[in-house]
Every structure is written in structure tokens, then in C-alpha cells.
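Scroll down for the structure; my scribbles are underneath it.
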Amino acid sequence: MKSLLLVLIVACMLFFSIPVSATTSSTGYKLTMLQSGVHSWAATLEPDIQAALQGLKLSDINSWQNIKIGNVTYTIDNFVLNTLTLGPFSTSTRKTDQDFEFNLHDAHGVATFNWHYKDVKFPYTSDSGHGTAQVKDCTVLVHIGVERTDAGTPHGVVTDCLVNINSMDVTLDGGKYSWLYQALIDACKDTVIRHVQDDLVKAANVQIQRVVNSRLAKWDPFFEIDSVAYFDEILDHETSGAYFGDNYMTFRMNGLTSPSKKPLPLAAPEMPDIVNNKALQLMFTNEAFQTWLNTHRSGHVFTQTISQTNVDPKLLMFLKADTYKGLVPWFDEAHSGKVFSVNLTVVNSIVTKVMPAAVSVETTVIVSIIVDETTPVTLSIDLTLAMYPGVTTGTQALTPSFKYYKDVVTDVKSEGPIETDHLVGPLKILYSKGVVPWLERWAAASAMPLPPVDGLQYSNATVTYNEAFAFVAIGCDFCNVIP
3 MKSLLLVLIV
13 ACMLFFSIPV
23 SATTSSTGYK
33 LTMLQSGVHS
43 WAATLEPDIQ
53 AALQGLKLSD
63 INSWQNIKIG
73 NVTYTIDNFV
83 LNTLTLGPFS
93 TSTRKTDQDF
103 EFNLHDAHGV
113 ATFNWHYKDV
123 KFPYTSDSGH
133 GTAQVKDCTV
143 LVHIGVERTD
153 AGTPHGVVTD
163 CLVNINSMDV
173 TLDGGKYSWL
183 YQALIDACKD
193 TVIRHVQDDL
203 VKAANVQIQR
213 VVNSRLAKWD
223 PFFEIDSVAY
233 FDEILDHETS
243 GAYFGDNYMT
253 FRMNGLTSPS
263 KKPLPLAAPE
273 MPDIVNNKAL
283 QLMFTNEAFQ
293 TWLNTHRSGH
303 VFTQTISQTN
313 VDPKLLMFLK
323 ADTYKGLVPW
333 FDEAHSGKVF
343 SVNLTVVNSI
353 VTKVMPAAVS
363 VETTVIVSII
373 VDETTPVTLS
383 IDLTLAMYPG
393 VTTGTQALTP
403 SFKYYKDVVT
413 DVKSEGPIET
423 DHLVGPLKIL
433 YSKGVVPWLE
443 RWAAASAMPL
453 PPVDGLQYSN
463 ATVTYNEAFA
473 FVAIGCDFCN
483 VIP
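Here it is as C-alpha cells:
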């Protein structure tokens, strides 16, 4: 009997295909990234930012300078930032401004351009050629906030961007008057630096915001768990998508939509932003667990049939009437040699409770033995399981594992002449041992998608429990950046 409900849970979660609709939701979970977690996530953005700024076309420069031979007008066009290598970076969260700072240090790159100049007075000299600007010791400082869209998804906004080029070497090639090159370089260098800084600010503003949102866009408001259940992730902050503390960034999410016609529990208690010093903290309320499991139900009931086509071969004997020969009167004469099936039906909403060492899962299962398309015997069983949410290495989802805790047969009925006493024992064996294959399939298919730390691998997670919620803590050493 230990496992029958497991079969049911598995069955209901996996094998129903009636679409669900949102009814009620409560605060479900919260993701908090401490400084080390924010830094690890920012590291995954750097290659995309660098790629976005490669080949950047800068605007033309038209200016004039007074050099040794007089007033010279010059034009720099086809100005392209061919390479840009971003140096080390640092990050920090800012509580006062509700954003986080992304500071790239010691960036360097190479830009190429065409140049032209003409003396506006006698001797009216002119020249043209190619040029190279080597950007050295460049700092890019970006402040990024997170807003909540009307759809409830996060959207990154660059609130401030500053580029400072501390050093640049300019080389001019080609042309006829080489003795004028250095004078022209000295004259236009400051202009070129200011120009590159201004254009980089504009480009970095757009491109970094695009990169951030390409990641946040993967945090879809509806994550499909299976064909019938949807994980409804709606940011709970009314004015912003994230809340920033002095050493952390946190996202608070609404819970799961539920297909159940019964109202969900009252709003979950407020969860703290920081529980410990782990880089990533994922907190789940009891309401989230309960709604999560109930989203896999079709209305109030789910059913699974165990037959000779899908039962574990070791359990097939329990479906054969001859197994009960001599034990159950009437089977011998009427059903010798026949194979019957067993229906498992969950009739009550799943109720969960966060316990000191696990999440308790309770429901009621009806076990029915079916012979000749009738239902001669039914067992009502109240089942309690222990659920252990966890994150396995390399996954982006919270996956449940279950352990039998206890079951109680509350009612046994027979709709025909079959005596039930001798059937209860074998049916409980089938119930307790036949659930494992379905449970494993359901656990693999019903994982709860985790929040938007796209680009990081969750691994080596530990789960601890509070009176009202459980939380998964992941240390910084295990925030492995995906290449």
C-alpha cells in the first residue's frame, strides 16, 4: 500500500491532458542572489556584451584644428570598432537606487577609420589615408534596473552608462605629407577619444540592455510542466521586477495557477530576503508546493489504470485471477485464467505541509479491482508521503522525490459476491510496489522550472525547512558558468 498513492500522484500528474485555467494564486517563491550570485550571473553576460560591441560602426567626425601650417579641416569616416576586449569586471547591488552596477575595467580594443584633411588657406594642401586607434585602459560602468512589465515578466533597463577612455594611441597611414601626421594626430586625438566615448556610451546602453533582456525574456510568464499544467510565474512587485539590497537582488514571484475549483489557502507568509550566505537562495512556500501538485490534477480527480500492458512484469501475477485461486470464493469458477486491471483514483485535493525535514503530502486514493468491466471491490486509502524537493547538477528545475510515510485503509466495499477479506492483502502489495515506475516518470516530467538565472548551472544544492517554507541554498563555489 505504501506506494499506491504514489502511483496515483504519478498518474494524475502525467497522464491527463485537460487544459487548466488560472483561478487563484498566492505568493509562491522567491529567488535571492547575493553579491557572489549576481557576480556569477553577470559573468555569463560578458561574452554576449563583448560580441554585441564587436564591429560597432561609429559616426563620422567632421571638425577643424589650427596646426602648424594653419587652419585644417579634417574628416574621419568609415569609423569601425573592429575589436573590443573587455577586461575584469566587478558588480554590486545598490539599495538606494534599486539597481545593480556592472563595472568593466581595463577594456581595450582597436578601431580603424579613413581620414581626410584639407588646409583652408594657402598652400591648400590636402591628404587622405587610413588610420588605427588603439583604445587602452577603458572603463565601462553600467547601472541596470529591473522593471515589471504588464505581463508580469522582468525587463532590464540601463539607468546610467559611462565610458571613460584613459589612453589611446592613434596611427595614420598613407598620404603624401608624412611630416604633418603627428601634428594632425595631436590635433584630433582628444576629439577622437571624446567621440569614441560618446558613441560607446550610446551603443553600450542599447546593446547591454538588449543582452540583459535576451536572458530575462527566457523567464516566460508561463512555464509548461506537462500537457496539462502550467507554472504561472508573475512578478509580485508592483513597481519593479526586482528588489535590491546592499548585498543582494531578489525576485518575488506569485504562485502556481491551479485548476482546482476549491480556493487556494490564504496568501503565504512573507519570506525573508536572506536566510544564509549562500550565493543563490530559492524559497518555496507551502502554498506553492500544494498548488504545484494540484496543477497536475484534472478538476478534483485523477485516475490511472494498471493493466497487463503497463504493469511491472514482477507484479503481473497480482492481476491474474488464478493468483487468488482457493483464496477468494467465486473467482475459481467464474474467472479462472482471466486477467483483470486495477484503477487508482485520487479523489481529494492534495494537501501539503512543510515539516522539519520534508514536505508532507496527503491525499485519498481509491483502489478498484475491475473484473468483466464491473468493479467488485474498492479500497479507500488515506496516503501520506514525504516529498523532498531538490536540484540535481546541471539542471534548471526543482525536482521532487517521494518516500512512503504511512497509509490507512479507511473503507473496503464489494459490489458483487466477492469476499473482500482475502483481496485486501494482495491489492495492497500491488498498490505499494506498483507505484515506483509511475512515480519516477512523474518526478522527471513535473519538475518546477527555476527562476531566471539563465546561464548558470544549479548544482550541489541543499534543502532546509522552515515552518512555512522550504529553501534551496546553492554556494558560490557551485555557480558554474556555462560556456
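Using our numbering, the letters of the sequence shown map in sequence onto residues 3 to 485.
Each residue gets a CB set at the ideal place from its N, CA and C atoms; glycine is no exception.
Source: prediction; values computed, not measured.
- In the three-state scheme derived from DSSP, where H, G and I count as helix and E and B as strand, residue 273 is classed as coil.
- Annotated three-state conformation of residue 406 is strand, per DSSP.
- Rounded to whole angstroms, residue 285 and residue 379 show a C-alpha spacing of 43 angstroms.
- In its chain, beyond the 5 residues on either side, 52, 55, 56, 109 and 111 have a beta carbon closer than 7 angstroms to the beta carbon of residue 86.
- No residue range can be given for residue 420, since it is assigned to no beta strand (DSSP E) and is classified by DSSP as neither H nor E.
- The criterion of a C-beta distance shorter than 8 angstroms is not satisfied by residue 199 and residue 147.
- Under the three-state reduction of DSSP output, residue 433 falls in the helix class.
- Within its own chain, the residues whose Cβ lies closer than 8 angstroms to the Cβ of residue 170, once the five positions on either side in sequence are excluded, are 135, 136, 137, 138, 191, 194, 195 and 198, listed in chain order.
- Cβ contact annotation for residue 93 (same chain, cutoff 8 angstroms, sequence separation greater than five): 37, 40, 41, 44, 102, 103, 104 and 105, in chain order.
- Around residue 214, the same chain offers 47, 146 and 158 as residues with beta carbons nearer than 7 angstroms, after the five sequence neighbours per side are excluded.
- The region 275–285 makes no contact with the region 335–347; the number of CB pairs closer than 8 angstroms stays below 3.
- For residue 361, the CB contacts under 8 angstroms within the same chain, skipping 5 residues up- and downstream, are 288, 291, 354, 355, 388, 389, 390, 391, 467 and 472 in chain order.
- At the C-beta level, residue 116 and residue 80 come within 8 angstroms of one another.
- The Cβ atoms of residue 366 and residue 382 lie closer than 8 angstroms to each other.
- In the three-state scheme derived from DSSP, where H, G and I count as helix and E and B as strand, residue 285 is classed as strand.
- Fully contained in the region 31–115 are the following beta strand (DSSP E) runs of length 3 or more, in chain order: 63–69, 72–87 and 91–96.
- In the DSSP annotation of this structure, the continuous segment of the beta strand (DSSP E) that includes residue 345 starts and ends at 343–348.
- Looking only at 424, 349 and 415, the smallest Cα-Cα distance to residue 323 is reached by 424.
- The beta-carbon distance between residue 244 and residue 156, rounded to whole angstroms, is 7 angstroms. This is short enough to meet the 8 angstroms contact definition.
- Boundaries for residue 352: no beta strand (DSSP E) harbours it, and the DSSP string shows neither H nor E there.
- For the pair residue 77 and residue 107, the CB atoms are not nearer than the 8 angstroms cut-off.
- Of the candidates 218, 246, 163 and 174, 163 places its Cα closest to the Cα of residue 205.
- For residue 475, the three-state secondary structure derived from DSSP is strand.
- The residues 78 and 197, in chain order, have a CB closer than 6 angstroms to that of residue 63 in the same chain once the five nearest residues on each side in sequence are set aside.
- Residue 30 counts as buried, since at least 16 other C-beta atoms from the protein chains shown sit within 10 angstroms of its C-beta.
- In terms of Cβ geometry, residue 249 and residue 307 do not form a close pair [threshold 8 angstroms].
- Here residue 348 is buried, its C-beta having at least 16 other C-beta atoms within 10 Å.
- Given a length threshold of 3 residues, each whole run of the beta strand (DSSP E) inside the region 136–218 is given here in chain order: 156–175.
- For residue 88, the closest alpha carbon among the candidates 123, 61, 50 and 118 is that of 50.
- If you compare the alpha carbons of 326, 363, 152 and 394 with that of residue 409, the shortest gap goes to 363.
- Around the beta-carbon of residue 166, fewer than 16 other beta-carbon atoms lie within 10 Å, marking it exposed.
- 434 is the residue among 434, 317, 173 and 428 whose C-alpha sits nearest the C-alpha of residue 407.
- Contact check for residue 450 and residue 400: beta-carbon distance about 4 angstroms, within the 8 angstroms limit, so the pair qualifies.
- Within 10 angstroms of the beta-carbon of residue 129 lie 16 or more other beta-carbons, which makes it buried.
- A Cβ-Cβ separation of about 43 angstroms leaves residue 283 out of contact with residue 113 under the 8 angstroms criterion.
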